[in-house]
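Just add 10 to the spot in the sequence shown (first one is 1) and you have our numbering.
Below is one structure, written out as structure tokens; the observations come after it.
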Amino acid sequence: MNLRTCFFLISILWILPNAPARELSMESAKQVLDKLYQTNGNLIFIKPGIRISDQEFAVAQYLSGENVIVLERKLLRLCYDFGQDSMNALAFVLGHELIHCSSIQSKTKHFRSNFLARSHEHSTPDEDERMADVQGLFSCWLANYNASAILPELLQAIYSSYGLNHKLKGYPSLAERMNTTQELVDQVKILTQVFENALYLMAAHEFQLARSSFLYLEKFYPSYEIYNNLGVCYLLDALQLHNPYGDYFYPIVIDPSYQIEKLANPRGEQNAQNAATRIEYLKRAQFYLNKALRLNYNYFTAELNLMCVQNLLGNSKEVITKYKETELAKRKLMGVISGLEFNQGRAILALAYLNAHQSENALILFDKIILHSADSFLVRQTRCNKALLTKHICFMESEKMSVEMVNSKRLVDGVKLHRQIYIGHQISLIDQFELAIKTMPESTVYIYSNNKQVQFAMQRMSNSNFYNKSVKLNSGNSLLRLKSNSLVNYKINNLIFMVNNANEKIKEVVYYNSYRT
């Protein structure tokens, strides 16, 4: 290459603009925001837009006057450098600003957040920013973004890139922010444990403890799914009492997309006290389910559960009027509800017909569900309801554990749950319930107490001989079902499995012991 050609090439490189730095795209940011907004499910506030800024001032901001989240380009570059965790990093920042949007949008049109700054000299005080961190990180977890794992590294990268390694007026130092971050990660870890445990508590029929857990979560993250689950807790408690409308199986749904069979326990006698308690529980269930629907009017899960409550309160005619089969079919055709939800609605409508003394209409719907539903659990419930109507008897047999699996149950970390004592206060739930957590090499033990008296003990295994073994789901043991997993409760063995719905392999093992008399 001669000197003239070399000079020519250098000249071209000199006059060309710098190649753009690698960064996450606007489309990626919108996808993360959409997922977080859908998981939040609060339709009272309008989803904000996104704008990219070349400024380097705040990392991210929510501007209420424009209802837009401003992401600085430097942030998108930082997130890109996290590789496979890039979306987790971006989700935390967007989740933080989305919480500002949901809490502020209805209050003022002149709000401006600042992700970096935490001072009364800025628009948001430190406590508001901390709560946005807690709620934002918890919402990331609900949306399946593992932001907690990379949060310390993300903050270090942001402080280094923005030149905030030293203490500046209006900004916390990196050391202060890192200490706060560790506290935040620890707090959100507890929230996720309380949330997951509450579902195991429901599988173990500990509805009062589950309610206390959901009410505790409400203080940090009031959401439609928590209100739905609170309503279901009261509904299931009511179902344990005498039902003047008959002992039928209701397809009650726990979020996210859980399904629980009505308890087969003996009901309390019909007396004034039981009747009053039952009505109180049903009305509380109605209150929380309506609260869920106020946040998200498209939330059909809560509508299904509210249909059950209305039936049990004797308002069957309202259910029949509002949820005709044609109305349910129209929603299914429009894609608003799934085929499973369509048949669940049919099942509850059939029970409304029974309560309204229109058994012929009920039988027609029962037969349609049995013939057309692809969900074996719902078909099993429906067959039982039909048998209860025609033969006045039905028994849903629960499968026992195999001898091999019973013999493989072993003591983990030397813990004997039936001998647990109060091990010290850690978290105050609601209604004077307390939760103590003890992390051990192969498991975590959770002790639920009331006035320092142990009520319930649970041990969740990190390793177990049961893992990857198969469990049949098409039996009366399957109490709680998720979209991809089921919770199977073997009551005789005080054992709950989380099982993958696709391959029926065990994913998590929980031992438990109840101290109720």
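Think of the CB as a built atom: it goes at the ideal place given N, C-alpha and C, for glycine as much as any other residue.
| Item | Value |
| --- | --- |
| For residue 529, name the three-state secondary structure that DSSP assigns. | Absent from the structure is residue 529, since the part of the chain shown begins at 11 and ends at 527. |
| Measure the C-alpha to C-alpha separation of residue 93 and residue 519 and round it to an integer number of angstroms. | 33 Å |
| On the DSSP bridge assignment, give the partners of residue 497 in chain order. | 490, 508 |
| Measure from the alpha carbon of residue 379 to the alpha carbon of each residue in 75, 365, 394, 452, then state which is nearest. | 394 |
| So, does the segment 143-159 touch the segment 96-115, judging by three or more C-beta pairs under 8 Å? | yes |
| Could you please give me the residues that DSSP links to residue 443 through a beta bridge? | 460 |
| Three-state secondary structure (DSSP) at residue 325? | coil |
| Run through the DSSP bridge pairs and tell me what residue 105 is partnered with. | DSSP, once it has assigned bridges, lists no residue as partnering residue 105. |
| Indicate whether the contact test is met: 3 or more Cβ pairs, each with one atom in the segment 45-64 and one in the segment 224-244, closer than 8 Å. | yes |
| Looking at the secondary structure, which residues open and close the beta strand (DSSP E) in which residue 523 lies? | 516-524 |
| Going by alpha carbons, who is nearest to residue 198 out of 209, 144, 90, 303? | 144 |
| Starting from residue 70 and walking both ways along the beta strand (DSSP E), at which residues does that stretch end? | 70-73 |
| Rank 370, 388, 344 by C-alpha distance to the C-alpha of residue 357 and give the top, closest one. | 388 |
| I want to check one thing, is the minimum distance from the CB of residue 334 to the heavy atoms of the ligand HEM below 7 Å? | Within the structure as shown, the ligand HEM is missing, as the structure has no ligands at all. |
| May I ask you to report which of helix, strand or coil DSSP gives residue 160? | helix |
| Since residue 216 and residue 55 are thought to touch, with beta carbons under 8 Å apart, how far apart are those beta carbons, to the nearest angstrom? | Incorrect: roughly 34 Å between the Cβ atoms, too far for contact. |
| Can you tell which of 139, 106, 174 has the C-alpha that lies nearest to the C-alpha of residue 151? | 106 |
| Per DSSP, which one or two residues make a beta bridge with residue 466? | 458, 524 |
| Take residue 265 and list the residues in its own chain whose beta-carbon comes closer than 7 Å to its own, dropping the five residues that flank it on each side. | Since pLDDT at residue 265 reaches only 47, below the 50 mark, its modelled position is unreliable, and no value is offered. |
| Could you tell me the alpha carbon to alpha carbon distance between residue 371 and residue 473, rounded to whole angstroms? | 51 Å |
| Between residue 479 and residue 495, which are expected to be in contact by the criterion C-beta below 8 Å, what is the C-beta distance as a whole number of angstroms? | Their Cβ separation, rounded to whole angstroms, is 15 Å, which puts residue 479 and residue 495 out of contact at 8 Å. |
| Can you tell me the Cβ-Cβ gap for residue 97 and residue 62, rounded? I've got them flagged as a contact below 8 Å. | 17 Å between Cβ atoms; not a contact. |
| Under a Cβ-count criterion, where at least 16 other Cβ atoms within 10 Å of its own Cβ denotes burial, should residue 499 be classed as buried or exposed? | buried |
| So if DSSP puts residue 61 in a beta bridge, which residue, or which two residues, is it bridged to? | 80 |
| Keeping to the same chain, check which residues put their C-beta closer than 7 Å to that of residue 165; ignore five residues upstream and five downstream. | 187, 188, 191 |
| Tell me which residues share the same chain as residue 354 and place their Cβ nearer than 6 Å to its Cβ, disregarding the 5 neighbours each side in the sequence. | 261, 314 |
| Sort 229, 220, 507 by Cα distance to residue 245 and report the nearest one. | 220 |
| Mind the definition here: the segment 420-429 touches the segment 450-460 only if three or more C-beta pairs lie below 8 Å; say whether that holds. | yes |
| Shortest alpha-carbon distance to residue 369 belongs to which of 343, 341, 399? | 399 |
| According to the Cβ coordinates, are residue 417 and residue 443 closer than 8 Å? | no |
| If you count every other CB in all the chains shown that lies within 10 Å of the CB of residue 345, and 16 or more means buried, which is it? | exposed |
| How would you label residue 84, buried or exposed, when you count the other beta carbons within 10 angstroms and need 16 or more for buried? | buried |
| Measure the Cβ-Cβ separation of residue 432 and residue 457 and say whether it is below 8 Å. | yes |
| Out of 34, 77, 430, 445, point me to the one whose CA is closest to residue 90's CA. | 34 |
| Nearest-angstrom Cα distance between residue 526 and residue 364? | 35 Å |
| Considering residue 417, what are the terminal residues of the alpha helix (DSSP H) in which it resides? | 413-418 |
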